[in-house]
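Engineer: Sending over a structure as structure tokens; questions will come in a sec.
Number of protein chains: 4
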Amino acid sequence: MPGADLPFSVVRTHHGGLVVTDLERSRHFYVDLLGFVETERTPDALYLRGLEERSHHSLVLRRGESPASDHLAFKVASEEDVDRAKAFFEARGAAVKEVPAGAEAGQGRAIRVMDPLGFPMEFFFAMDDVERHLQRFDLYRGAHPMRLDHMNLFVPNVQAAHDWYTKELGFRCSEYTETEEKEPRVWATWLHRKDSVHDVALMNGLGPRLHHLGFWVLDTASVLTACDVLAAAGHTASIERGPGRHGISNAFFLYLRDPDGHRIELYTGDYLTADPDFTPIRWSLNDPRRQTFWGHAAPPSWFEEASPVLDLEGAPIRPTDALLSDRPHFVT
Amino acid sequence: MPGADLPFSVVRTHHGGLVVTDLERSRHFYVDLLGFVETERTPDALYLRGLEERSHHSLVLRRGESPASDHLAFKVASEEDVDRAKAFFEARGAAVKEVPAGAEAGQGRAIRVMDPLGFPMEFFFAMDDVERHLQRFDLYRGAHPMRLDHMNLFVPNVQAAHDWYTKELGFRCSEYTETEEKEPRVWATWLHRKDSVHDVALMNGLGPRLHHLGFWVLDTASVLTACDVLAAAGHTASIERGPGRHGISNAFFLYLRDPDGHRIELYTGDYLTADPDFTPIRWSLNDPRRQTFWGHAAPPSWFEEASPVLDLEGAPIRPTDALLSDRPHFVT
Amino acid sequence: MPGADLPFSVVRTHHGGLVVTDLERSRHFYVDLLGFVETERTPDALYLRGLEERSHHSLVLRRGESPASDHLAFKVASEEDVDRAKAFFEARGAAVKEVPAGAEAGQGRAIRVMDPLGFPMEFFFAMDDVERHLQRFDLYRGAHPMRLDHMNLFVPNVQAAHDWYTKELGFRCSEYTETEEKEPRVWATWLHRKDSVHDVALMNGLGPRLHHLGFWVLDTASVLTACDVLAAAGHTASIERGPGRHGISNAFFLYLRDPDGHRIELYTGDYLTADPDFTPIRWSLNDPRRQTFWGHAAPPSWFEEASPVLDLEGAPIRPTDALLSDRPHFVT
Amino acid sequence: MPGADLPFSVVRTHHGGLVVTDLERSRHFYVDLLGFVETERTPDALYLRGLEERSHHSLVLRRGESPASDHLAFKVASEEDVDRAKAFFEARGAAVKEVPAGAEAGQGRAIRVMDPLGFPMEFFFAMDDVERHLQRFDLYRGAHPMRLDHMNLFVPNVQAAHDWYTKELGFRCSEYTETEEKEPRVWATWLHRKDSVHDVALMNGLGPRLHHLGFWVLDTASVLTACDVLAAAGHTASIERGPGRHGISNAFFLYLRDPDGHRIELYTGDYLTADPDFTPIRWSLNDPRRQTFWGHAAPPSWFEEASPVLDLEGAPIRPTDALLSDRPHFVT
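Listed below in structure tokens is the structure:
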């Protein structure tokens, strides 16, 4: 039985927590322009969800002094899995913090840990159900964000990070990128628990840093609509890259920078990865179709900039240089 | 020079006037759900336009006791053409009424006449420019109606109506339907002044009555969005027919009934008809691909129901039975 | 761990087997018009797959005297699960037949059983990988069928069938329909193993019969393209119902009848069901938005006609009348 | 009557003639990949048309030693207009050449002239009707090119060129770009005869040279499909710019370079310009939304490279430097 021998069972990437400097400005960007659904607003935080999501939030924006990501959350398969996760991390000597039910609005009890890659990860099971807007087409706006799909992380040592996720947490690899050395090394990897291309992508880079949160949109038309709406509202500058298509994952993508510089991907074009014998697809780092099947070249910012992550006390974590070169040789 | 010998020059179908019984209910339908732009509201009327339209209105909803169409307006090429139109109709002994500038909000001086087909037609040149919403993608809603495209009229004698429009007013025929008799008769005809498939379609039926006003939408996706939005808002019953594709005109269509039963077509899929030597396309009445290239059969209401038209004093005009059978033999 | 105590682990609905009377005619329909990829053709069978599928086939058309479905196949999680499935069915006294590797082209060893619902089900693990056409956009045609998504079965006793799939085989319910009696009974149910709305839908009706095989297409535009292509090629009559949207599952659908009358659904608009605590969505049988969120009413054939299924020796199985009324009261 | 006092009446931009070095390679690009319809092939030329076009060709590819444009053709309103055009140009002392019927396959008698801007322009009325593929959806491929929409020309003196087209040939201006000097000068202008944004765009640059031929495609999805198909077929490098949206004309665009470097625009998103009192839309050269409402910056090649044009004897015409700076200051 797949996963039967895991220390605990991760279901999927569930939500991200971002520190932003102006909640109202962020609300305008995510809700008015991109079409996220606002579930709840407190003086210090904004809880958002996508149109198909029934759980309370998939994006938490918390007011703070400077932009960062303060936690990235996996849903686990049961309350027992929260306990098991806690025991697992404690046994490894990791920093573990209990988050009582309700500390994050709508959410049951959770644990937060500093994982071996240096990211502040949250594991929880329970969250309040709220109204699903999937068939409230009269309320659709902007990009039609359906749900959080994945997180993309800069890590200095992709091989180590890949091993952590696949060997310890039971993630499966759908696609990966290798260097073109005689003995190729993993430069990036796409890993999943749910039956899609990824829940977590790990890319070689100065890390730990959050490269982007990827939100699933309905179709390519929604991505174009996002461009039109952002441009009409005077936010053309928030479009960093795209639209275009990646060879990797077949994603039709658009990368945006929110008002604090956090990078958001609007993403469609996945495929089903349910089969346990799915053979991971290998790409070569300098294959131009890997990064950009078609579309303009990625700008340098896309390789260089990312959101810092915070430790469990809220202090920024100092990132480490990447082991490998941080971009293909054709990107300068 | 095409048109050089015409009594006056019609540019295109410009706007329609509908009498509705509840302005607020109509506003909700047209503005909130379908996405028309509201230009102006008076106690007695609502002036709407499409997203690409720069002139003040393409649809006037006037409050009244019972649903009807009180005028259908052509834009002519100049103020002189308004004079010429007046002289032309007076010379024919038609009822002609001057509409002073401003009587219809935003509109210059016009004339209204009862045309030989029994319709209350308006001819005008000047209308106020207002802000075009074409690139205000942040304000797009619902069906993304771009502009009024055409009017479709039930007339009892299509051949006579066809001759009126083509021989007297200089319309050109893009497509037409004939009966399958030994000596075929025209059952319907698609006529244009602008470079599209039609400004006016004339269909055999109990008339004069207005079958529908056709609004151009951006693409097929907009038509599907209209369905989703209407259904989500509890207005599924307003969808009378479609989505589907006509053989005639290649239209991808959706027919709606507004809260007063007026029929609106959302329409995309036209083609360019600029060439003066364009050979009209002939269809046979009982060719099933003519009416419905694909899509469910039209319901009987589509053949039977239409908006009554009013004379220049606002009295309903009693329609006359059609000369030919009012529908293909495969529709029962 | 979900599924840890199951007799064997089903991954997903993987392929369907249909008996057709003219392979070449079927090939034209599925490959030339709808855009399926042809993997292999033998004198007696045609093996097809969708554009994203890497395994040898998701649809097997076998030449035969009269239309039927001869097997419906689930992929299981390992070779051991094939053994476990065999033991499980033998212990229940079911008819079980070994299908040696290669008997079905490209497929490893499988078992076929008559399940308690009277369907000829296949369980297998291994199948040859073939080239994935996901990024061969230059070869896309017709409806852009991506992959087999689900099978929809007519069963006379939905409650019993629901219990079989959920209690014995570990399927989870995403949505279901109940009658409006004082003590409501299940009229239809949507069940899944993969993280989508369904692998198997069970509908109250004369059964066992195969109502349809549902293929996932990329987007709503692909569904419209299918209509246009079929109509252009003279196959309008193969469109039985749609396009429209179901309330249930949020499917944007088109139902086609292949040249032998087998029903195929082109389907898009699903949502993610990975969360183990997903609360099934309840619909009332006579809620008009359940069946048709919008779109024309389903024709009687949609409720009445379905493909017969064969037993392991190839003899047709005589269906039994449904326990409940076979359609909502508003469909006549 | 608009145009009544013109020397002759131009209907619209009708076709372009390109010299290519390898007909088979060009056929693969235009027909197999982009989906143009092949009307006729001779040893020396290939005649192509779009899906909605009924006339014999809108693109002529002629085999030659080096890439160039050998003629750009306007359809005029009648045979008499061909005579009038001839008389008009002869009276101005221009080089005029008679092209007998059939010299260009499918085309009636034409004249070719060197216009005052230095372009080899053709004026003709008659062309053979061929089968329209508008409803042959089963044959649609690639980008779904519907029809030739416009030609975009580099001219060194835009004001002079603007005056030529508007004052002498009766074109109307839909949009234009001015410099930001105290006394602004016209930097680019969009001119039309048919009821669309343009038949001819004139841009400040080293000229006379043909910047691109713009083909109308059905919708934004067709543009994305073109990208996918080109990339899948190994022709990613033919994508020079886009997809993106221009502020000017509201075009959703993709610029391609054919195997000889000729630039083709795939274009959708126009609006109706039938009204004779349409007020031209003014843009400022350095308004970033003018060129790129959204989308990556245009590469330098887009401002620098263009197809040379040939004189009536087939000799290349030496272009002249632009009067004004050849690009906005934000493009380097």
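Protein chains in written order, with my numbering: chain A, 25 to 356; chain B, 25 to 356; chain C, 25 to 356; chain D, 25 to 356. Here a beta-carbon is modelled for each residue, glycine too, at the ideal position from N, C-alpha and C. Since this is a predicted model, take the numbers as computed values, not measurements.
(1) Using the rule of at least 16 other Cβ atoms within 10 Å of the residue's Cβ for burial, across every protein chain shown, is R36 of chain C buried or exposed?
(2) Give a yes or no on contact between the segment 50-70 of chain A and the segment 162-173 of chain A, applying the rule of three or more CB pairs nearer than 8 Å.
(3) Unbroken alpha helix (DSSP H) runs of length 4 or more, entirely within the segment 188-263 of chain C: which are they?
(4) Should P267 of chain D go down as buried or exposed, given a rule of 16 or more other Cβ atoms within 10 Å for buried?
(5) CB-CB under 8 Å to C251 of chain D, same chain, minus the five flanking residues each way: which ones, in chain order?
(6) Which residues does DSSP list as the beta-bridge partners of F147 of chain B?
(7) Here's the rule I'm using: 16 or more other beta-carbon atoms within 10 Å means buried, otherwise exposed. How should K191 of chain A be labelled?
(8) Are three or more beta carbon pairs between the segment 77-91 of chain A and the segment 302-317 of chain A nearer than 8 Å?
(9) Which residues in chain B have a C-beta closer than 9 Å to the C-beta of N274 of chain D? List them in chain order.
(10) May I ask which residues mark the beginning and end of the beta strand (DSSP E) holding V35 of chain A?
(11) Which residues in the same chain have their Cβ closer than 7 Å to the Cβ of H367 of chain A, if we skip the five residues on either side of it in sequence?
(12) If you draw a straight line from the C-alpha of A101 of chain D to the C-alpha of P304 of chain B, how long is it?
(13) Exposed or buried, what is R136 of chain B when buried is set at 16 or more other beta-carbons lying within 10 Å of its beta-carbon?
(14) What are the boundary residues of the alpha helix (DSSP H) that includes E114 of chain C?
(15) In the DSSP output, which residue or residues are listed as bridge partners for I272 of chain A?
(16) Just curious, the beta strand (DSSP E) that R73 of chain C is in, first and last residue?
(17) Chain A beta carbons: is any one of them nearer than 8 Å to that of A167 of chain B?
(18) Looking only at its own chain, which residues have a Cβ that is under 7 Å from the Cβ of P323 of chain A, when we skip the five neighbours before and after it?
(19) Tell whether a beta-carbon distance below 8 Å holds between A109 of chain C and F32 of chain C.
(20) What's the gap between the Cα of R133 of chain D and the Cα of F147 of chain D?
(21) Along chain A, in chain order, which residues have C-beta atoms closer than 7 Å to that of A257 of chain B?
(22) Taking a cut of 7 Å between CB atoms, which residues from the segment 320-344 of chain C lie near chain B?
(23) Note down the Cα distance separating S308 of chain D from D282 of chain A, rounded to an integer number of angstroms.
(24) So, does the CB of C197 of chain A fall closer than 8 Å to a CB anywhere in chain D?
(25) Starting from the C-beta of Y189 of chain C, find all residues in its chain whose C-beta is less than 7 Å away, skip the five residues before and the five after it, and write them out in chain order.
(26) From which residue to which residue does the alpha helix (DSSP H) around S82 of chain D run?
(27) For A118 of chain C, collect the residues of the same chain with a Cβ closer than 8 Å to its Cβ; drop the 5 residues on either side in sequence, then sort them by chain order.
(28) Express the C-alpha separation of L75 of chain B and E155 of chain B in angstroms, rounding to a whole number.
(29) Using a beta-carbon distance cut-off of less than 8 Å, what residues from the segment 233-258 of chain C approach chain D?
(30) What is the DSSP secondary structure of V182 of chain B, reduced to helix, strand or coil?
(31) Can you tell me the Cα-Cα spacing of D350 of chain D and F327 of chain D, whole angstroms?
(32) Name the chain C residues whose beta carbon is nearer than 7 Å to that of P267 of chain B?
(33) What residues from chain D crowd round I288 of chain A, counting only those whose CB sits closer than 9 Å?
(34) May I ask you to list the residues that DSSP assigns as paired with T66 of chain D?
(35) Tell me, please, whether the segment 332-350 of chain C touches the segment 230-245 of chain C by the rule of three or more beta-carbon pairs shorter than 8 Å.
(36) Going residue by residue through the segment 267-347 of chain A, where are the continuous beta strand (DSSP E) segments of at least 3 residues, counting only ones entirely within it?
Structural biologist: Checking against the coordinates, here is how it stands:
(1) For the purposes of this step, residue 36 of chain C is taken as residue 12 along the third sequence, with counting starting at 1. Buried: at least 16 other Cβ atoms inside 10 Å.
(2) yes
(3) 244-256
(4) Position 243 of the fourth sequence, counting from 1, holds the residue named residue 267 of chain D. Classification for P267 of chain D: buried.
(5) The count along the fourth sequence starts at 1 and reaches residue 251 of chain D at position 227. Excluding sequence neighbours, C251 of chain D sits near I263, P267, L278.
(6) Indexing the second sequence from 1 puts residue 147 of chain B at position 123. In the DSSP output, where bridge partners are listed per residue, F147 of chain B has B:F98, B:I135.
(7) Here residue 191 of chain A refers to the residue found at position 167 of the first sequence. Label assigned to K191 of chain A: exposed.
(8) no
(9) Within the fourth sequence, numbered from 1, the residue matching residue 274 of chain D stands at position 250. Within 9 Å Cβ-Cβ: E76, L158, Q159.
(10) As a first step, residue 35 of chain A is located in the first sequence; it is residue number 11 there, counting from the start. It spans 34-44 - the beta strand (DSSP E) in which V35 of chain A sits, taken as one unbroken run.
(11) Nothing can be reported for residue 367 of chain A: it is not among the residues displayed for chain A, which extend from 25 to 356.
(12) Here residue 101 of chain D refers to the residue found at position 77 of the fourth sequence. Here residue 304 of chain B refers to the residue found at position 280 of the second sequence. Using only the alpha carbons, I get a separation of about 17 Å.
(13) Here residue 136 of chain B refers to the residue found at position 112 of the second sequence. R136 of chain B comes out buried.
(14) Taking the third sequence and counting its residues from 1, one reaches residue 114 of chain C at position 90. That run of the alpha helix (DSSP H) goes 103-115.
(15) Taking the first residue of the first sequence as 1, we reach residue 272 of chain A at position 248. Paired residue(s): none; I272 of chain A is not in a bridge.
(16) Here residue 73 of chain C refers to the residue found at position 49 when the third sequence is read from its first residue. Element bounds for R73 of chain C: 69-73.
(17) Mapped onto the second sequence, residue 167 of chain B falls at position 143. So, not an interface residue.
(18) Position 299 of the first sequence holds residue 323 of chain A. Once the five neighbours on either side are set aside, the close Cβ partners of P323 of chain A are E264, R265.
(19) Locating residue 109 of chain C in the third sequence gives position 85, where the first residue counts as 1. Locating residue 32 of chain C in the third sequence gives position 8, where the first residue counts as 1. A contact, by the Cβ cut-off of 8 Å.
(20) Here residue 133 of chain D refers to the residue found at position 109 when the fourth sequence is read from its first residue. Here residue 147 of chain D refers to the residue found at position 123 when the fourth sequence is read from its first residue. Looking at the two C-alpha atoms, the distance is approximately 9 Å.
(21) Reading the second sequence from its first residue, position 233 is the one you call residue 257 of chain B. Here the neighbours are D162.
(22) H320
(23) The residue you call residue 308 of chain D lines up with position 284 of the fourth sequence. The residue you call residue 282 of chain A lines up with position 258 of the first sequence. Approximately 28 Å, taken between the alpha carbons.
(24) Your numbering for residue 197 of chain A matches position 173 in the first sequence. No, because no Cβ of chain D sits closer than 8 Å to the Cβ of C197 of chain A.
(25) Counted from its first residue, the third sequence places residue 189 of chain C at position 165. If we look at Y189 of chain C and ignore the five residues flanking it on each side, its Cβ neighbours are F195, L215, V224.
(26) Within the fourth sequence, residue 82 of chain D is the residue found at index 58, counting from 1. Neither: S82 of chain D is in no alpha helix (DSSP H) and is coded neither H nor E.
(27) Here residue 118 of chain C refers to the residue found at position 94 when the third sequence is read from its first residue. Once the five neighbours on either side are set aside, the close Cβ partners of A118 of chain C are V137, M138, D139, P140.
(28) Taking the first residue of the second sequence as position 1, residue 155 of chain B is located at position 131. Taking the first residue of the second sequence as position 1, residue 75 of chain B is located at position 51. Distance between the alpha carbons of E155 of chain B and L75 of chain B: 10 Å.
(29) A245, T249, D252, V253, A255, A256, A257
(30) Mapped onto the second sequence, residue 182 of chain B falls at position 158. If DSSP states are grouped into helix, strand and coil, V182 of chain B belongs with the helices.
(31) Counted from its first residue, the fourth sequence places residue 350 of chain D at position 326. Counted from its first residue, the fourth sequence places residue 327 of chain D at position 303. Straight-line Cα distance between these residues: approximately 7 Å.
(32) By one-based count along the second sequence, residue 267 of chain B stands at place 243. Those within 7 Å of P267 of chain B in chain C are P267.
(33) As a first step, residue 288 of chain A is located in the first sequence; it is residue number 264 there, counting from the start. Result: empty, since nearest Cβ-Cβ is about 16 Å, beyond 9 Å.
(34) By 1-based counting over the fourth sequence, the position of residue 66 of chain D is 42. DSSP output for T66 of chain D lists no bridge partner at all.
(35) yes
(36) 276-281, 287-292, 305-308
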